[in-house]
Every structure is written in C-alpha cells, then in structure tokens.
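K.L.:
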Amino acid sequence: MSCSELKIPDSTLSQRRLKIFGITILNTLLATLKWIKSLPTDISNYTAIASIVLFALTFAWIALFFWSSIFGFLAWLAQKKQTKLTKSNPENITLSTKTAILVPVYNESPQQVFANVLAMAEDLTRQGQINNFDFFILSDTTNPKVWIDEEKTWLDAKRLIAKIVQAHTHSSAAGTIIPHINLFYRKRPKNIARKSGNIEDFCNKWGKNYNFMIVLDADSLITAQTMIYLAKTMENNPQAGIIQATPLAINHNTLFARLQQFASKVYGPVVAFGTAYWQGNSSNYWGHNAIIRVQAFMDSCGLPVLKGRQPFGGYILSHDFVEAALIKRAGWETWLLPDLEGSYEEVPPTLIDFAIRDRRWCQGNLQHLKVLFAKGIHPISRIHFIIGIMSYLSSLLWLSFLIIGLAVALSKIFFPPVYFSTYKTLFPEWPIFDVLGTILLFALSMSMLLVPKFLGVIIYLQQSKMRIWQTLKSVFIEIIISSLFAPIMMMFQSKFIIDILFGRSVAWNIQSRSDMGTSFKTAVKRHIWQTGLGWLTMLVLWYWTTNLFWWMLPINLGLILSIPISILTSKVNVGLWFKKRRYFLTPEEIQKPQILVRSKHFLKELNLNQTELKGIKLLFSNNLLYALHILMLPINSPAPEVNEQLWESVTSKLKNFKLTSKDSQLEIFDDLTPTEELALLYSAETLSNALITSKLKGN
Amino acid sequence: MVTVNSQPLAITIAYLETLGYNQNKAKIVAQTVLEKIKELCIINTKQSVSENYTQNDFIMLLDSFLFLEAKKIFIHDKLKDYELLAFFKFYFILNQVAEYYDFSTELKQDFFFVKDFNLEIIPEYKVSQMRPQKLSSIFNLRKLFSKVLKK
Chain A
1 MSCSELKIPD STLSQRRLKI FGITILNTLL ATLKWIKSLP TDISNYTAIA SIVLFALTFA
61 WIALFFWSSI FGFLAWLAQK KQTKLTKSNP ENITLSTKTA ILVPVYNESP QQVFANVLAM
121 AEDLTRQGQI NNFDFFILSD TTNPKVWIDE EKTWLDAKRL IAKIVQAHTH SSAAGTIIPH
181 INLFYRKRPK NIARKSGNIE DFCNKWGKNY NFMIVLDADS LITAQTMIYL AKTMENNPQA
241 GIIQATPLAI NHNTLFARLQ QFASKVYGPV VAFGTAYWQG NSSNYWGHNA IIRVQAFMDS
301 CGLPVLKGRQ PFGGYILSHD FVEAALIKRA GWETWLLPDL EGSYEEVPPT LIDFAIRDRR
361 WCQGNLQHLK VLFAKGIHPI SRIHFIIGIM SYLSSLLWLS FLIIGLAVAL SKIFFPPVYF
421 STYKTLFPEW PIFDVLGTIL LFALSMSMLL VPKFLGVIIY LQQSKMRIWQ TLKSVFIEII
481 ISSLFAPIMM MFQSKFIIDI LFGRSVAWNI QSRSDMGTSF KTAVKRHIWQ TGLGWLTMLV
541 LWYWTTNLFW WMLPINLGLI LSIPISILTS KVNVGLWFKK RRYFLTPEEI QKPQILVRSK
601 HFLKELNLNQ TELKGIKLLF SNNLLYALHI LMLPINSPAP EVNEQLWESV TSKLKNFKLT
661 SKDSQLEIFD DLTPTEELAL LYSAETLSNA LITSKLKGN
Chain Y
1 MVTVNSQPLA ITIAYLETLG YNQNKAKIVA QTVLEKIKEL CIINTKQSVS ENYTQNDFIM
61 LLDSFLFLEA KKIFIHDKLK DYELLAFFKF YFILNQVAEY YDFSTELKQD FFFVKDFNLE
121 IIPEYKVSQM RPQKLSSIFN LRKLFSKVLK K
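Residue numbers (our numbering), protein chains in the order written: chain A, 1 to 699; chain Y, 1 to 151.
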C-alpha cells in the first residue's frame, strides 16, 4: 500500500496562504468601508469607531471561515478523483515500527473506555498487525470508586483479550501464530498538569520504547485500517512530527448530539479540507485522534508552567495547540488528513455539557495569549492561537456590537436629532442612515455563513449517496435550531471570558458522556439569566423601537427559549423522534461502523460482571481484585502525601466500627469520605489489616 | 513449647479466606499453616509465636510464610519481595489453588499456569526526562508598558 507522501512545496503553500488571507483582508476592507458609509451620521465619533472596529473584527472572522471553506471545496473537487485514503488493504502493509496507543482517562466510565480499547485491539488483531501496537490506559482518576472499577475492568478486559487471542491464533506452515495484545494500565497518584502531564509521564517512563504514539480521548475510536495507515504514513514521512486525523462525531441519541453529529458529518469535510489547504505542513493538533513521533515530541514538547496566577498562568490547559507550535518550532511538520476515514469521537450530549466543556476550552484558549508572542513560533502556529482565541472572543465582540447597535437605536428615542447646530446655517443637518446598505451587509454576512454549509452538503451527498430532499430538510431545520443555539452560546462564552478576565479559574470537571438529559432544575439554574436578558431586551425594543424588535427577534427568541431548548434537545426520545423520521440521519446511524458494533458488544460483556459494590467494598468482596490492587500499588505509587489528621480519622473510623450483622461487614466503609478512602487504598499494610479485621468480624 | 492462642488462629483463618479458602477448609488448613509457622519461627529466629503479637505482626508473619512458598514457584529476579508475594497471591486466587492445596504437601508449579493470560500490567521503564521548553515572549510587555508610561 502506498501511504500518502506528505509534501506540498513551500512556494505553493505561500501562494495558498496569500490567496486566503489576501482575499479575507480585501473582503473585510470592502465590507468595512460599506459599513462606514452605512453608519448613521448623527452618532458620536467614539461610537462610530467602536462600531467600525467591532464590525471589522467580526466580519474578518466570518470571511476567513468563508474563504477557507471555498478553497477547501475546490481542494476537495481536485482530490475527488483520487482514491480514498484508507481503501487499501492493511494486511499488505509491513510496519517496521512500534506504536503506543494512549488512552488518558479521568474518572470516566471504565467499561466504556475498555470496550473501545477491546474493539480496537480486536480490529488490529484481525488485520494481523496487533504486534506493532501496545495499548496504555493512563489513568488520572481521583475518585476511589472509579479507580477500583478501572482495575476490575482491566482484569475483565484481560480475560476478554485471552478470548480474542484464542480466536485469532492460527497455525500455518511457519508454525503457530499467536497474536500478542498488550493492554497496560497505570494510575498516576497526582495528576500534575492534567492530560498533558499524563502524556508526559508516559513519555518519561516508556516513550523510548516506541517510535510513535496515537493519542486518544476516553471516547475515541479509530479503526485498525486508520491506525495502520497513520503509522505507515509516519514511517514514509520522516519529517512528520504529528499527523492529525479528523474525528467524526458519533454514538449519541439526544437531539443536541445528533445535530452535532449531523453537522460534523455534513459540514466537517469542507472545513477540514479548507484548513488543510492553507495550513499544509503547519497544521494544528487537536489533542486526540492523532499520531505523534515520540522522540520529536519528547525533545521539543515539554510544557513549561506559565508565570503568574491562574487563569492565565500555571499549567497550560489547552496543551495541544502549544505542542503543535513547539514541534513545528523544532523543525517538524504537522499535518491534517481531511480525507482519512475511520476516526471517531463523541460529543457532549447536551447543550449544558457542551457549555461546561466550552468553559474549559475558553480558558485554555485565552491562556494562549501568553504564548502568542513566544520566540521562534511559526506564523501559522500564531494564527492557530489567534483562531482559538477568536473562537471565544468573537462571541464577546458580537455581543458588544449588538449592544452598541441597541444603544444607538435607543439614543435616538431619548436624544432626538439636532437639525440645526449652534452655528448659523441655512441648511438643516439631516441624519442619514443607509438602511439598504446595512441590509445588504447583513445579507452578505448571512450568505457567507450559509454558503459553506451548502458546499458541505454537496460533498456529503456525493460521498454518502443520501437522498437530496431528506438532507436538505435536515439542513434547513439544523440551521434554524443552530440559529437559536447561537445567541445562547454567545451569552455563555461572553460570560466565560468575563469570568476569566476577573481571575476565576475552572476546575477539572468530569466530562459527561451519558444521555441522561437535562433536568428542569438544572436548565433553570444555567439559563435563567439568559431568559431574563432576552425578555428584558424584547420588552425594551417592543416599547421603544419596534423596527429593531423584528431584527433582533431571532437572537432574543434563542435567549427567551433557552430553558425549553436546552431541555428538549437534551432528550433521547426527542432525538429518536427525529431519527425515526429520518432527520439528521448520517450513514453511520444507518449502518453502524463495525468497530462501534464491536465496542457495544464488549461493553455488554464488561457490564455483565458489574456489581453494586464500589471502591473499597468491591475490593474486599473480591479476593482476586484485592490481590491485583496490591500487585498494582507499586506501579501506581508513590502514594500522595496524607496529612496526619486525615490518617488519624481513617484509622479511628476503622477501629471504632461496630457490626450489626454478618452481612453488613462492609458497611463500615460507608463512613469513609472519598479522600479517606483514597488514602486507605494507597496503604497496603492498613488495607491488609482492615481486610482481616473485616473478615474476623464477619466470622 | 510454642503456644498459640485463639487470635492467631482466627487471623490465619481470615487470611486464608482472602486467598480463596472457604471458611470450613480455612479452619482445617489454618492448623497446618500455624504448625509450619511455629516451626519456621523456631528455626529462623528461635522465637515463638506469642500472644504478644499484634494483628498486624501476625499478618506480616503469614506473609513471610507465604513468601517462602512463592519463591518456590516464581523465580523472578526483577521483582521486589513484596511484589513477588503479591504476584503469587494473585495467581493463587486466579487459579483457585485453594481448591487443591492445603499446605501439607509440596506446592506444584502446574497450579499457577494460566493459558493465554498475560498479567503484565506495565512494561519495564526506560526512563528519560522531557525538558520544559522556553516560551519567552519576543517582547517584554511589562517593559514595553513601563517605557511608554515613563515617556
């Protein structure tokens, strides 16, 4: 198999960048000039300047997205004739390198994580390439119950691996071929520097054993074909430091998630082709579903702790962009493969989960202001940082733009125009406002936002053979719903930025991946202020300036309806209702990818062994698991420091327990707080003593 | 003469239960184990299993006894003593050795063989150190501002 040679001449890349940025700047300039001409003549200079600056910035943002998509579409047309990247048979590939597949986890559902890993391991075994890949579950889990569950699930997964090995062991003339599936597990006692620290810890301990590492998220799934392709492409391109595969969103059934999955499938390729077109060998790294040259990473991607206090100082949160910039600075290339299939991820199932993740990402991206001007960084890497910052800042800019517009409109009510100035003149000063000009600019902005979507539809229809009418109906509704989401996210993101500017940092929250839905209480708690603002603006506009009322209606409607929108889109049955009527249907929903089917099978198998007991109670009820925990302790050590007071509390609770019945022997551990339970789990001696004591009491 | 009070016996039974012995069998096997421990104590330290032993001491004594058994089965230079013992206990339980073995005879290596089961938790370390990179700014914003303010 000939895996692609990643090469674009520098001159071609320069031309592409010149084209994209040249047109974007020109487009922005012309639109801004039109805006300047359209501005009312009776507003103050300060207001006019603020309005022009905000217009230019928000328009430039839209223009870059638009032109990038246009060129992405053209790039797709040019590449259409070539074969798909993963169509070749991976059995014919001989890999001469070893790749580690890293799955960093933080208080995730172990069953889901291991089910995904088993599906990938089985796929690699089926392709006869498993011996070139090792899996590492790198746990940063802090919840003692999840920790023990991870150990148990690792053991269950090892048993299932034995079955996979048995099924794929075969005899040939050369002898019996036994696949070796290596699934390693370790838990870090202290999760220093979060995910980037977790990966760094892997590199420091085992990095030298591997040529490449494929970094995944807890919910990532990549087919064997794609992983083999990535490894082979790395082998064929010794200058490549990172190759990013575009992950496709799959697997959830809430309406919110299905909308995102549909958008990722339909609009994703045109965006990916666009960015790959002008970024070329300086593409970005998204933190997962990518292959990395380990030595290059180790030599150039050690992250410093940024000076100053959080949220701008401290550990780098959005490490991926910085790592891409650092590896590029060291002379390596970073590539995005927009046409590579077989790479999947999950999206937050609800609007609120999405916003929670966005809060973290917002802080991470704003933190990049501190590295934006770092020495030696490639200009395109700086543009990655700016794009990341603008992804969030644009919301605040848009909000400010709207506020200025509103203020100008209201000022006309309260401060009527002055037709005759203080100096004597024969002619009145008529305030001029170019309504047609602003409508034209509005129409232009809207079409620049919508055209890329329809270009995406063309690619989608060509690639997936879905029905045109069905797709267009879905796109139409998706546009309406996402227009309602937009003001909600604008308010969320603006609040996040203000919070961050006021020095409020974000905690490392566990990412929700379940389709549980949003309760009324939670929705009210999160959206009440948006609803209130929506009503207030609506009433003010209705009372004083009815014209603007209708213009602002789509924005206000989103805010006013934020609570019901958030609840309804979080429901699985609503998502399934649309699915039944073939709305937002993706080919992956019609025919599930085989790797997803296998992951669900393994999840079912792993769930068979679930018990109600958790944490230390599970450990003490299962001798084998207890022995395994003790066996793993030296790997998962050194134990975090425990202060004397906490330790005294643990020991006194263990000493003073009273048993009421034989069956309740494990209930003593209910009194332990999570911190106490964690401390106890790290102490082999105390655990052993506690176990014997619990048995003695039980006997 | 060594005297063993009821507490070590109870601890031994509980200890054996953690290795997969059911309560009835543990009661029988515990006697054998205790006899062996008594012998060991006399041979190795010339001390007896006394009533002064705390629960923790006695568990350690049982661990030491089991460690000697482990060494007969697993020859592993790279493992530390406590790791070897943990390894032994794990395989003891995994293979349900408690069903066939009562410590009165020689422990067989066959008991510990599990087909297709690879317990390697992590590969051996190959330690290196990623160095934090410098991300100093091309211009010092603070200096720049102070210059502007001074002017």
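Beta carbons are placed, not taken as given, at the ideal position from N, Cα and C, and that holds for glycine.
At the level of alpha carbons, what is the spacing between L336/A and G558/A?
P.N.:
Counted from its first residue, the first sequence places residue 336/A at position 336. Counted from its first residue, the first sequence places residue 558/A at position 558. Each residue's Cα considered, the two are about 35 angstroms apart.
K.L.:
Identify whether A257/A lies in helix, strand or coil by the three-state DSSP scheme.
P.N.:
Against the first sequence, residue 257/A aligns to sequence position 257. If DSSP states are grouped into helix, strand and coil, A257/A belongs with the helices.
K.L.:
Can you list the beta strand (DSSP E) stretches of 3 or more residues lying completely in the stretch 239-309 of chain A, in chain order?
P.N.:
With a minimum length of 3 residues, the continuous beta strand (DSSP E) runs that stay inside the stretch 239-309 of chain A are 240-245 and 290-293.
K.L.:
So, do the stretch 216-225 of chain A and the stretch 314-322 of chain A have three or more beta carbon pairs nearer to each other than 8 angstroms?
P.N.:
No, the stretch 216-225 of chain A does not touch the stretch 314-322 of chain A.
K.L.:
Thinking C-beta only, is F65/Y closer than 8 angstroms to V97/Y?
P.N.:
Position 97 of the second sequence holds residue 97/Y. Position 65 of the second sequence holds residue 65/Y. In this structure, F65/Y does not lie closer than 8 angstroms to V97/Y by Cβ.
K.L.:
Cα separation between Q295/A and Q112/A?
P.N.:
As a position in the first sequence, residue 295/A is number 295, starting the count at 1. As a position in the first sequence, residue 112/A is number 112, starting the count at 1. When rounded, the distance between both Cα atoms is 31 angstroms.
K.L.:
Hey, is E748/A's beta-carbon within less than 8 angstroms of any beta-carbon in chain Y?
P.N.:
Residue coverage of chain A in this structure runs from 1 to 699, which leaves residue 748/A outside it and unanswerable.
K.L.:
Going by C-alpha to C-alpha distance, which of A257/A, L102/A and G274/A sits closest to K453/A?
P.N.:
The residue given as residue 453/A occupies position 453 in the first sequence. Cα-wise, what sits closest to K453/A is G274/A.
K.L.:
Per the contact definition of three or more C-beta pairs closer than 8 angstroms, is the stretch 132-148 of chain A in contact with the stretch 596-607 of chain A?
P.N.:
With a cut-off of 8 angstroms, the stretch 132-148 of chain A and the stretch 596-607 of chain A do not count as touching, because too few Cβ pairs lie within range.
K.L.:
Shortest alpha-carbon distance to Q493/A belongs to which of L399/A, A56/A, Q261/A and R188/A?
P.N.:
On the first sequence, residue 493/A is found 493 positions in, with the first residue counted as 1. Nearest C-alpha to Q493/A: L399/A.
K.L.:
When DSSP labels each residue in this structure, what does R382/A get in the three-state scheme?
P.N.:
The residue labelled residue 382/A in the question sits at position 382 within the first sequence. Note: R382/A maps to helix in three-state DSSP.
K.L.:
Quick check on DSSP: helix, strand or coil for M390/A?
P.N.:
Working through the first sequence from its first residue, we reach residue 390/A at position 390. Of the three classes helix, strand and coil, the one that applies to M390/A here is helix, per DSSP.
K.L.:
For a contact meaning CB atoms closer than 8 angstroms, what does F700/A contact in chain Y?
P.N.:
Given that chain A is displayed from residue 1 to residue 699, the structure contains no residue 700/A and the question cannot be resolved.
K.L.:
Between which two residues does the alpha helix (DSSP H) harbouring S447/A extend?
P.N.:
Locating residue 447/A in the first sequence gives position 447, where the first residue counts as 1. Looking at the DSSP string, the run of the alpha helix (DSSP H) that includes S447/A is V435 to S464.
K.L.:
Short of 7 angstroms Cβ to Cβ, which residues in the stretch 74-92 of chain Y face chain A?
P.N.:
Correct list: E83, A86, F87, K89 and F90.
K.L.:
Please list, in chain order, all residues of the same chain as N690/A whose beta carbon is under 6 angstroms from its beta carbon, the five residues on each side excluded.
P.N.:
Stepping through the first sequence from its first residue, residue 690/A is reached at position 690. Here residue 690/A turns out to be Ala, not Asn, going by the sequence shown. Cβ within range, chain order: L654.
K.L.:
Using only the alpha-carbon positions, how far apart do I101/A and K614/A sit?
P.N.:
As a working note, residue 101/A is residue 101 in the first sequence. As a working note, residue 614/A is residue 614 in the first sequence. Approximately 28 angstroms, taken between the alpha carbons.
K.L.:
Say whether chain A places a C-beta atom closer than 8 angstroms to the C-beta of A30/Y.
P.N.:
Mapped onto the second sequence, residue 30/Y falls at position 30. No, no contact with chain A.
K.L.:
Is the shortest distance between the beta-carbon of K147/Y and the beta-carbons of chain A less than 8 angstroms?
P.N.:
Residue numbering aside, residue 147/Y sits at position 147 when the second sequence is read from its first letter. By this cut-off, K147/Y is not an interface position.
K.L.:
Among L631/A, E648/A, A75/A and I560/A, whose alpha-carbon lies nearest the alpha-carbon of K187/A?
P.N.:
For the purposes of this step, residue 187/A is identified with residue 187 of the first sequence, where counting begins at 1. Among L631/A, E648/A, A75/A and I560/A, the Cα nearest to that of K187/A is on L631/A.
K.L.:
Going by C-alpha to C-alpha distance, which of I243/A, V266/A and A193/A sits closest to I214/A?
P.N.:
Residue mapping note: residue 214/A aligns to position 214 of the first sequence, counting from 1. Checked all of I243/A, V266/A and A193/A; the closest Cα to I214/A is I243/A.
K.L.:
Name, going along the chain, the residues of the stretch 16-29 of chain Y whose beta-carbon falls closer than 8 angstroms to a beta-carbon of chain A.
P.N.:
Hits within the stretch, in order: E17, T18, L19, G20 and Q23.
K.L.:
So for H368/A, helix, strand or coil by DSSP?
P.N.:
In the first sequence, counting from the first residue as 1, residue 368/A sits at position 368. Here H368/A sits in helix by DSSP.
K.L.:
Count the other C-beta atoms from every protein chain shown that fall within 10 angstroms of the C-beta of A193/A, then say buried if there are 16 or more, exposed otherwise.
P.N.:
Counted from its first residue, the first sequence places residue 193/A at position 193. The residue in question, A193/A, is buried, as its Cβ has 16 or more Cβ neighbours within 10 Å.
K.L.:
What is the DSSP secondary structure of L6/A, reduced to helix, strand or coil?
P.N.:
In the first sequence, residue 6/A corresponds to position 6, counting from 1. Three-state DSSP puts L6/A in coil, outside helix and strand.
K.L.:
Assign Y46/A to buried or exposed, taking buried as 16 or more other Cβ atoms, counted over all protein chains shown, within 10 Å of its Cβ.
P.N.:
Along the first sequence, read from residue 1 onward, the residue named residue 46/A stands at position 46. Counting Cβ neighbours within 10 Å, Y46/A comes out exposed, since fewer than 16 surround it.
K.L.:
With DSSP collapsed to three states, give me the class of L34/Y.
P.N.:
Residue 34/Y sits at position 34 when you count from the first residue of the second sequence. Reduced to three states, the DSSP call for L34/Y is helix.
K.L.:
Count Cβ pairs between the stretch 449-464 of chain A and the stretch 359-373 of chain A that sit closer than 8 angstroms; are there 3 or more?
P.N.:
Verdict: no, contact absent.
K.L.:
From which residue to which residue does the alpha helix (DSSP H) around W335/A run?
P.N.:
In the first sequence, counting from the first residue as 1, residue 335/A sits at position 335. Here W335/A belongs to no alpha helix (DSSP H); instead the beta strand (DSSP E) covers E333 to L337.
K.L.:
Which residues mark the beginning and the end of the beta strand (DSSP E) in which I575/A is found?
P.N.:
Mapped onto the first sequence, residue 575/A falls at position 575. Reading off the sequence, residue 575/A comes out as Gly, not Ile. It is not in any beta strand (DSSP E) - G575/A instead sits in the alpha helix (DSSP H) that spans V572 to K580.
K.L.:
Taking only three categories from DSSP, how would you classify H170/A?
P.N.:
Working through the first sequence from its first residue, we reach residue 170/A at position 170. In the structure shown, H170/A sits in a strand (DSSP, three-state: E or B).
K.L.:
So is Y100/Y in contact with chain A if we call contact Cβ pairs under 8 angstroms?
P.N.:
Along the second sequence, read from residue 1 onward, the residue named residue 100/Y stands at position 100. Closer than 8 angstroms: no.
K.L.:
Cβ closer than 7 angstroms: which chain Y residues qualify as neighbours of R186/A?
P.N.:
Locating residue 186/A in the first sequence gives position 186, counting from the first residue. Under the 7 angstroms cutoff, chain Y gives I122.
K.L.:
Which bits of chain Y does Y626/A rub up against, with CB to CB less than 7 angstroms?
P.N.:
As a working mapping, residue 626/A is identified with position 626 in the first sequence. What Y626/A touches in chain Y: T18.
K.L.:
Where does Y82/Y sit, in a helix, a strand or coil, going by DSSP?
P.N.:
The residue labelled residue 82/Y in the question sits at position 82 within the second sequence. Reduced to three states, the DSSP call for Y82/Y is helix.
K.L.:
Which residue's Cα is closest to the Cα of T125/A: Y277/A, I560/A, P179/A and V371/A?
P.N.:
In the first sequence, residue 125/A corresponds to position 125, counting from 1. The candidate whose alpha carbon is nearest that of T125/A is P179/A.
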